[in-house]
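Accompanying notes for the structure given below.
Numbering (the UniProt record's numbering), first residue to last: 1 to 185.
Right, dumping it as structure tokens:
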């Protein structure tokens, strides 16, 4: 999330970790405005089931904008069941090209348990390297911690929880109130 568009607004940390046949998406609960915590228990990781195919999404940025994007993603997945990459590319194209959608301020991490993608309003559909992806105010802290923890024998969920705890101890815009969703394949 570009801080220059929302000066003083900081929202979240979302982390996805793929390991041992499962993907875990974890998100903290803090929403801050300037130096004030507005809410400490926001739920920014959601499970979708379009067409019976489970998908987990985490979002950073404007909540209303993120929900608009999640609804659009669900429709794309219903139109192309089981084709996460296609749905993500179609959403990114719409997001980039549509006059209304282009103004939405959010980022998404999306997984079906096989693939993990980061979607941005710039039209990016990125597959993470090293089986770890992170977005949001504390995303870089969580990403660095998770990459280091991938060198251990910890499970995906253990890596995600420990990395989020590290991010929360460094980033004032991240707290330890986690929502964790897992998809195993």
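Beta carbons are placed, not taken as given, at the ideal position from N, Cα and C, and that holds for glycine.
No experiment lies behind these values; they were computed from the predicted model shown.
By DSSP, does residue 150 sit in helix, in strand, or in coil? Three-state DSSP puts residue 150 in coil, outside helix and strand.
Taking just the CA atoms, how far does residue 37 sit from residue 29? One C-alpha to the other measures close to 10 Å.
My guess is that residue 156 and residue 22 are in contact by the Cβ rule of under 8 Å, so how many angstroms apart are they, rounded? With 8 Å as the limit, residue 156 and residue 22 qualify as a contact, their Cβ atoms being about 5 Å apart.
Would you mind working out which of 176, 182, 184 sits nearest residue 42, comparing C-alpha positions? The candidate whose alpha carbon is nearest that of residue 42 is 176.
Under 8 Å, with one C-beta from each stretch per pair, do the stretch 111-128 and the stretch 84-101 reach the 3-pair mark? Result yes; three or more Cβ-Cβ pairs closer than 8 Å.
Note down the Cα distance separating residue 108 from residue 46, rounded to an integer number of angstroms. Each residue's CA atom was taken as its position, placing residue 108 and residue 46 some 11 Å apart.
If distances are taken between C-alpha atoms only, which option among 34, 65, 185, 20 comes closest to residue 101? Closest by alpha carbon: 65.
Report the residue ranges of all beta strand (DSSP E) runs contained in full by the stretch 104-179; include only those spanning at least 3 residues, in chain order. Annotation: the stretch 104-179 contains the following complete segments of the beta strand (DSSP E) (minimum length 3 residues), in chain order: 106-111, 116-119, 132-136.
Which of the three DSSP states is assigned to residue 75 in this structure? Here DSSP, grouped into helix, strand and coil, assigns residue 75 to helix.
For residue 62, which residues of its own chain have a beta-carbon under 6 Å away from its beta-carbon, when the five flanking residues on both sides are left out? Beyond the five residues adjoining it in sequence on each side, residue 62 comes within less than 6 Å, by CB distance, of 105, 106 in the same chain, given in chain order.
Around the Cβ of residue 164, are there at least 16 other Cβ atoms within 10 angstroms (buried) or fewer (exposed)? Under the 10 Å beta carbon count, residue 164 is surrounded by 16 or more other beta carbons and is classified as buried.
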